[in-house]
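Enquirer: Numbering (our numbering), first residue to last: 31 to 186. By construction, the Cβ of each residue, glycine as well, lies at the ideal position given by its N, Cα and C atoms. The structure presented is a predicted model; accordingly, all values stated were derived computationally and were not measured.
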């Protein structure tokens, strides 16, 4: 199975295959608009705007798994767009761990290890995927996106 075989759903309910991003570098992030790490939205947006013309995409997946997100996908997207100026794609409210975990996050966690093993420890865990769909690196929630900008540049 490849990451490009996975289907995800945008906050507006539209489903699509990640095959849409074949040939692009992806940064996949589980987000939460009420999380203490929410200031990372600014860095994520800045990186997206800086490198989108070079084939870089940030994909945000709001999750209330840790009790720090609003009630539904539409509210989460609206909060990100209005409060942080997010223009990168936002998706349905999801689970990132357990039996109800979003298939994308099951795939990502099965193919990487975090500080606490395979499970996602907290909001703003980030996964860098290269243009061929290979998982390059997993970043911890406290890793600020700008701190690994060179990793992004290297896979562009």
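Specify the secondary structure class of residue 67 as computed by DSSP and reduced to three states.
Expert: Residue 67 falls in the coil class under three-state DSSP.
Enquirer: Return helix, strand or coil for residue 92, following the three-state DSSP convention.
Expert: If DSSP states are grouped into helix, strand and coil, residue 92 belongs with the strands.
Enquirer: What do you get for residue 140, buried or exposed, if any count of 16 or more other CB atoms within 10 angstroms of its CB means buried?
Expert: Exposed, by the Cβ-count rule.
Enquirer: Ends of the alpha helix (DSSP H) at residue 135?
Expert: Where residue 135 is concerned, the enclosing alpha helix (DSSP H) stretches over 133 to 140.
Enquirer: Identify every residue that forms a DSSP beta bridge with residue 120.
Expert: The partner list for residue 120 (beta bridge, DSSP) reads 90.
Enquirer: Assign residue 176 to one of three DSSP states: helix, strand, or coil.
Expert: The answer is helix: DSSP assigns residue 176 an H, G or I state.
Enquirer: Find the nearest neighbour of residue 127 within the set 42, 137, 118, judged by alpha-carbon distance.
Expert: Closest by alpha carbon: 137.
Enquirer: Using C-beta distances below 6 Å, list every residue in its chain close to residue 52, excluding the 5 sequence neighbours before and after it, in chain order.
Expert: So the qualifying residues of the chain are 34.
Enquirer: Would residue 90 pass as a contact of residue 135 if the rule is Cβ separation under 8 Å?
Expert: Their beta carbons are not under 8 Å apart, which means residue 90 does not touch residue 135 by this criterion.
Enquirer: Could you check whether the segment 176 to 186 touches the segment 153 to 168, counting it as contact only if at least three pairs of C-beta atoms, one from each stretch, sit closer than 8 Å?
Expert: The segment 176 to 186, when compared against the segment 153 to 168, does touch it at the 8 Å Cβ threshold.
Enquirer: What's the C-alpha gap between residue 186 and residue 55?
Expert: Their Cα atoms are separated by approximately 6 Å.
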